[in-house]
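What follows is one structure encoded as structure tokens, with my remarks underneath.
2 protein chains.
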Amino acid sequence: MPKKATIYDIAREAGVSTATVTRVVRGDSNVRDATREKVQRVIDAHAYAPSASAQHLEHGQSKTLAIVMPAVINPYFTRIYNEAYKEAEAHGYFAWLFQIQENKPIPRELVDELIRRRMDGVIFAGGIWSTERSGLADALERLRHYMPVAIICPPTVKLDCICIHSDLVSCSRLPVRHLHALGHRRIAFIGGSMQFRDTSKRGENFLEELRALDLPDDPAYHVDAGYDAESGERAVLRMLTGLERRRWPTAIIAFNDQMALGAIKQLKQMGLHLPDDMAIIGCDNQFFCPYTDPPLTSVDLHPEEMTQSAVRELLVAREGNRTQSFSMMREATLIVRESCGAKLGYRKRT
Amino acid sequence: MPKKATIYDIAREAGVSTATVTRVVRGDSNVRDATREKVQRVIDAHAYAPSASAQHLEHGQSKTLAIVMPAVINPYFTRIYNEAYKEAEAHGYFAWLFQIQENKPIPRELVDELIRRRMDGVIFAGGIWSTERSGLADALERLRHYMPVAIICPPTVKLDCICIHSDLVSCSRLPVRHLHALGHRRIAFIGGSMQFRDTSKRGENFLEELRALDLPDDPAYHVDAGYDAESGERAVLRMLTGLERRRWPTAIIAFNDQMALGAIKQLKQMGLHLPDDMAIIGCDNQFFCPYTDPPLTSVDLHPEEMTQSAVRELLVAREGNRTQSFSMMREATLIVRESCGAKLGYRKRT
DNA sequence: GCACGAAATGTTATCGGTAACATTAAAAAT
DNA sequence: ATTTTTAATGTTACCGATAACATTTCGTGC
């Protein structure tokens, strides 16, 4: 690597002071045209741009927001990241993605790194954050000394920061009511691991909705599982092989679309015809939903909107000194496709 | 926000000099236990960690690698990013993702931002980089003054930097030969937009492979399209409606798995039975491939391995002053699933 | 009790850039 | 031509952290 040019190099080579170089870089008007051109030529020759670190030191702003999430391999998180990046950019900030392991506590080293880099704000996203095990509260306590924090996740523990979450009630109510209206009575749920509060919360909400409609809340209709497609396969296999055929559910609600993907595969493998023999609803409305066979009905949590709010509130908290915590909830939406037979008309089921 | 504690604040509050604080932070042994504890208490109380920007200024290293890619919404790029993040971390660096628009030139502002932030290296990934229109050569010329650059993309223009790419020949040869061996003779290709060199290169390679096997290279079997699932749908519709039924291909190779997803949907909609009436092969071996119906045979380009090499070579270039350019090619692999009927045995087709 | 070496701690220049302030050069007014 | 005003440019302290170097404190031996 060649020696990286600094403002001193540019100043020396152009025969001016560093102040003049700064003026040229920032487009200050009080510079003679001849001088400006002379300096600009040297700048161009070295592709010089002022060091962000030095500016940070001077101004106390890194102009950077951190997004902390489980690996972006999951399309739900991809959507959050994309929106955060766009929204940050719109406000003159850059978004920096930090990945953590799902179901593991937030590493202390990561928190320190965020402080070291003097982020202007952090967004934590993901279902697991609400658990005590994640250590989110501790992380928050440390980060609070240096930057505002927003979390996009269900509110199981009351935390003193910007809290944005989707409405878990509508998230369960929408698919259950939809299936009920189509005549389904035995509705099952294959969900994320129960050891985590928020996901079990989804399970609880689901049960409540069933009871509200006087539908059977048989524990056999609720299988605990992971989060990926393979978990969906396994969950379906486990549930159906554990039940006499006449007690099989007529509809399955999956924790997310990946699981639905696996469920669909497994159901077909067992010789069922979809959606006639079994209806399915996923969650997250991922890009592949229109392309499953049958196309997958899914709940959209509107991660983009939540993220947009998170970024904005973070910046508000930075500027003004908002001390009181902020909370916002976004209703979910059901995107109806063919996987429940909705478009094929109503059919009475027992 | 409370005032962010600096090393001076810690030093004052602990009643020591900044040098001692640094020693405690870095675990230097020449500190009395009593002093260490006293300082550590103050550090803990403020969650203090030394500013990375100040350290950067002092040491001249940002310990950061930039990954520049089209929006990470595409799973292929997700895989690259994930691997870059992991590999960078393993070397004590952090990876920072910067997104750009597909098919648009690299924004000048982005290049300047990378220079401003004094990245220790940049990786450009994506099919489009090889085109003259992307302005990659210009960006490279500017970045070169401050950091080493690696590109993960097909080599259409010879660039003086670390170049890593998948073997486009095997990428076309594998699916064509596989289909040929299964008895297919009329093989079609639905591909990314021809205006970009590298993707058209895929098309050219495809034609060469057909000719090498004495198969018809009818232009009607080659439809230009976008990159997403919807493009796949449209491409299939356009191709088949433009051909008499008896001239329909018996197999389709798609530019990527998303397109294959769309193609499958469209083919089913047209009443075809897969894989009997039409075989399909995608590219990228994305997570949903095992879950399409039928499960999708796909070409894996091994983006993880390429990324790993990119990160490593970047760091080598940083340490030693490697001046000559580096080039590496990775063979592709065909992941056989049911979408060509491969597992259903050989069937003669005319 | 003093000298000496080692251990502990402090002082300061530096990294790259900025902005307030100081100075010089040029243009305008007398 | 000289003063006044304004425009152009330079000087310098500072941001936070570090490391080389300087200094102080301590423990040990005599």
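As they're listed, the protein sequences go chains A and B. Numbering of the first sequence is given in this note's numbering, commencing with residue 256 and proceeding in unit increments. Numbering of the second sequence is given in this note's numbering, commencing with residue 256 and proceeding in unit increments. We treat Cβ as the ideally placed atom computed from N, Cα and C, and that holds for glycine.
Query raised in the report: According to a CB-to-CB cut-off of less than 7 angstroms, which residues of the stretch 403–428 of chain A neighbour chain B?
Result: P403
Query raised in the report: Helix, strand or coil: how does DSSP classify A380(B) here?
Result: strand
Report task. Along the beta strand (DSSP E) that carries C538(A), what are the first and last residues, could you check? Result -> 534–538
Query raised in the report: Per the contact definition of three or more C-beta pairs closer than 8 angstroms, is the stretch 393–407 of chain A in contact with the stretch 423–433 of chain A?
Result: no
Query raised in the report: Around the Cβ of K359(A), are there at least 16 other Cβ atoms within 10 angstroms (buried) or fewer (exposed)?
Result: exposed
Query raised in the report: Listed from N- to C-terminal order along the chain, which residues in the stretch 306–318 of chain A have their beta-carbon within a distance smaller than 9 angstroms of any beta-carbon of chain B?
Result: S306, A307, S308, A309, Q310, H311, L312, G315, S317
Requested in this report: Would you grab the beta carbon distance between I355(A) and P330(A) for me? Rounded to a whole angstrom, and I think it's under 8 angstroms.
Outcome: Their Cβ separation, rounded to whole angstroms, is 17 angstroms, which puts I355(A) and P330(A) out of contact at 8 angstroms.
Query - Distance between G438(B) and L468(B) (C-alpha atoms, nearest Å) - result: 12 angstroms
Query raised in the report: What number of angstroms, rounded off, separates the C-alpha of I406(B) from the C-alpha of A380(B)?
Result: 6 angstroms
Report task. Using a Cβ-Cβ cut-off of less than 7 angstroms, give me the residues of the stretch 385–401 of chain B that come near chain A, in sequence order. Result -> R397, H400, Y401
Query raised in the report: Any chance the stretch 533–543 of chain B sits against the stretch 494–512 of chain B, with 3 or more Cβ pairs inside 8 angstroms?
Result: yes
Query raised in the report: Taking Cβ positions only, does R567(B) come closer than 9 angstroms to chain A?
Result: no
Query raised in the report: Using a Cβ-Cβ cut-off of 7 angstroms (strictly less than) and excluding sequence neighbours within five positions of K520(A), which residues of its own chain qualify?
Result: E488
Query - Status (buried if at least 16 other CB within 10 Å, exposed otherwise) for E344(B) - result: exposed
Query raised in the report: Thinking just about the alpha-carbon of each residue, which of V286(B), M561(B), F543(B) is nearest to the one in S553(B)?
Result: F543(B)
Report task. Decide if A304(B) is buried, meaning its Cβ has at least 16 other Cβ atoms within 10 Å, or exposed. Result -> buried
Query raised in the report: Under a Cβ-count criterion, where at least 16 other Cβ atoms within 10 Å of its own Cβ denotes burial, should L599(A) be classed as buried or exposed?
Result: At L599(A), the pLDDT of 48 sits below 50, so the modelled position is not reliable; the number obtained from the coordinates is stated separately. Classification of L599(A): exposed, given that the 10 Å Cβ count is below 16.
Query raised in the report: Where are the alpha helix (DSSP H) runs, 4 residues long or more, that stay fully inside the stretch 422–507 of chain B, in chain order?
Result: 423–436, 452–467, 484–496
Query raised in the report: Sorted by chain position, which residues of the same chain lie with C-beta nearer than 8 angstroms to P362(B)'s C-beta, five sequence neighbours on each side aside?
Result: I355
**Report entry** Inter-residue Cα distance where the pair is H477(A) and T505(B)
**Finding:** 44 angstroms
**Report entry** Member of D548(B), M494(B), T496(B), T562(B) whose CA lies at the smallest distance from the CA of M583(B)
**Finding:** T562(B)
Query raised in the report: Thinking C-alpha only, which one of Y546(B), D479(B), R502(B), R466(B) is nearest E485(A)?
Result: Y546(B)
Query raised in the report: With distances taken from CA atoms, which of R466(B), A534(B), D472(B) is nearest V491(B)?
Result: A534(B)
Report task. Taking all protein chains shown into account, decide if M374(A) is buried (16 or more other Cβ within 10 angstroms of its Cβ) or exposed. Result -> buried
Query - Of the listed residues I262(A), A480(A), A392(A), nearest to V294(A) (C-alpha basis) - result: I262(A)
Query raised in the report: Could one say the Cβ of T333(B) lies closer than 9 angstroms to chain A's Cβ atoms, at least one of them?
Result: yes
**Report entry** E371(B) at chain A interface by Cβ criterion, 9 angstroms
**Finding:** Before going further, note that residue 371(B) is Arg rather than Glu in the sequence given. Judged by the 9 angstroms Cβ criterion, R371(B) is in contact with chain A.
Report task. Closer than 9 angstroms, Cβ to Cβ, to anything on chain B: give me those residues from the stretch 346–362 of chain A, in chain order. Result -> F349, A350, W351, L352, F353, Q354
Report task. Could you tell me the distance, in whole angstroms, from the CA atom of F581(B) to the CA atom of E574(B)? Result -> 15 angstroms
**Report entry** Supposed contact pair L551(B) and S594(B) - C-beta distance, whole angstroms, cut 8 angstroms
**Finding:** 5 angstroms
Query raised in the report: How is the beta strand (DSSP E) around F353(B) delimited, first residue to last?
Result: 349–355
Query raised in the report: By DSSP, does V280(B) sit in helix, in strand, or in coil?
Result: helix
Query raised in the report: Where R287(A) and I265(A) are concerned, what is the direct C-alpha to C-alpha distance, given to the nearest angstrom?
Result: 17 angstroms
**Report entry** Distance CB(L391(B))-CB(Y348(B)) smaller than 9 angstroms
**Finding:** no
Query - Span of the beta strand (DSSP E) around T588(B) - result: 588–590
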